[in-house]
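Worksheet: one structure, shown below.
Residue numbers (the working numbering), protein chains in the order written: chain A, 1 to 168; chain B, 1001 to 1168.
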């Protein structure tokens, strides 16, 4: 297995949309092993998407099972051709990215999602995710559309909290 | 580059302050580093790292005078790429009274809490002002201990929660 080179901003290739995977072969699975190796080599990444290593196909890996404070999760996931079919709620959370070194920012994401995908053999998968795992999935799916979290950063003064206070 | 100076400019808010300051600096070969700019109580406040050749104060003084800004500049040292990631946020709100910040931050300081960012505002109405504060910082004590440390500060609404930065 190989640790692949991670594209970092301002590399224009990070803006390139990815194409669906059509062949579920050994080459795909070998690439996924390298992608996982690359995720693990980075600083505590809970996810990685294929375009971050310059392969513009809809492939991502998620694993939020090892956060400091445990969060609801489905363990280690390899998602091929993922699509979000349902969004619900929204919340602010802090994000960073292997492709954006030395910067973190607040991003609004849906609190709960439902997601369909395929495994590395082409079998169908379906998950209902919430909280941190849902956030990670949305972050990685954005990569497949050529979007980074810095395209979605909100002001530190964004008033989700204040509105909550007024609604009491 | 290690010759960063800290520039602060404060004055009655009006359109064009940032553009005029940035242009003057840019035209004279200065670089800008990290900055925080915000409207506070009708004033516009700028705090900005600048680096460049020559007498920045002499350069900016006429502009500051013209725009009604108080200028302060000093050799701050410091450098880029020395971010600390916050791991705890504290939200406070309640009827405005004297001492909220002193009490909350005093209790946090006793726990070794390092404030990385603090934003506060007075909302509500002139008759019934409400104080709202959001603190992000780093502390290696458990969340529960922190919450306990600030729990007996009267009628304030206090929330201590972890910030788990998502890296993906």
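Ideal Cβ positions, reconstructed from N, Cα and C, are used throughout, including at glycine.
- Nearest Cα to residue 1129 of chain B within the set B/1159, B/1104 and B/1098: B/1098.
- Here residue 2 of chain A carries a coil assignment [DSSP, helix/strand/coil].
- Minimum Cα-Cα distance from residue 114 of chain A among the listed residues A/141, A/3, A/76 and A/6 corresponds to A/141.
- Within the segment 62-82 of chain A, contact with chain B at the beta-carbon level (separation under 7 angstroms) is assigned to 67, 68 and 69.
- In the DSSP annotation of this structure, the continuous segment of the alpha helix (DSSP H) that includes residue 138 of chain A starts and ends at 131-144.
- For the pair residue 1091 of chain B and residue 1111 of chain B, the CB atoms are not nearer than the 8 angstroms cut-off.
- By the Cβ-count criterion, residue 1134 of chain B is buried, with 16 or more other Cβ atoms from all chains shown falling within 10 Å of its own Cβ.
- At a beta-carbon threshold of 7 angstroms, none of the residues of chain A lie near residue 1072 of chain B; the nearest stands roughly 24 angstroms away.
- For the segment 135-149 of chain A, the residues whose beta carbon sits under 7 angstroms from a beta carbon of chain B are, in order, 135, 136, 139 and 140.
- Residue 18 of chain A and residue 57 of chain A have their C-alpha atoms spaced approximately 5 angstroms apart.
- Ranked by Cα distance from residue 75 of chain A, the options A/99, A/97 and A/62 are led by A/62.
- Of all residues in the segment 109-133 of chain A, only 132 come within less than 7 angstroms of chain B when Cβ atoms are compared, listed by chain position.
- Contact with chain A is absent for residue 1146 of chain B, since none of that chain's Cβ atoms lies less than 8 angstroms from the residue's Cβ.
- Within the same chain, 148 and 149 come within 7 angstroms of residue 97 of chain A by CB-CB distance, once the 5 residues on both sides are set aside.
- Taking a contact as a CB-CB distance under 8 angstroms, the pair residue 1032 of chain B and residue 1048 of chain B counts as one, their CB atoms being some 6 angstroms apart.
- Counting along the chain, residue 1105 of chain B sits inside the alpha helix (DSSP H) bounded by residues 1100-1110.
- Taking C-beta atoms as the reference points, residue 44 of chain A and residue 1167 of chain B count as a pair closer than 8 angstroms.
- A check of alpha carbon separations from residue 1138 of chain B across B/1003, B/1065, B/1114 and B/1107 identifies B/1114 as the nearest.
- Within the segment 32-106 of chain A, the complete beta strand (DSSP E) runs of at least 3 residues fall at 47-49, 59-63, 76-88 and 91-97.
- For residue 1018 of chain B, there is no enclosing beta strand (DSSP E); the enclosing alpha helix (DSSP H) has its first and last residue at 1017-1027.
- For the segment 13-29 of chain A, the beta-carbon criterion of a distance under 9 angstroms to any beta-carbon of chain B is satisfied by none of its residues.
- Within the segment 84-111 of chain A, 93, 94, 95, 96, 97, 98, 102 and 104 place their CB atoms closer than 7 angstroms to a CB of chain B, listed in sequence order.
- No Cβ-Cβ contact shorter than 8 angstroms links residue 1024 of chain B with residue 1071 of chain B.
- Looking at the backbone, the Cα of residue 1164 of chain B and that of residue 1093 of chain B are separated by about 23 angstroms.
- In the same chain as residue 1158 of chain B, and ignoring 5 residues on each side of it, the C-beta atoms closer than 6 angstroms to its own belong to 1092 and 1150, in chain order.
- Secondary structure of residue 1014 of chain B (DSSP, three-state): coil.
- In the DSSP assignment, residue 1062 of chain B falls within the unbroken alpha helix (DSSP H) covering 1056-1067.
- Rounded to the nearest whole angstrom, the C-alpha separation of residue 107 of chain A and residue 82 of chain A is 21 angstroms.
- A Cβ-Cβ contact shorter than 8 angstroms links residue 122 of chain A with residue 24 of chain A.
- Taken through DSSP and simplified to helix, strand or coil, residue 13 of chain A comes out as helix.
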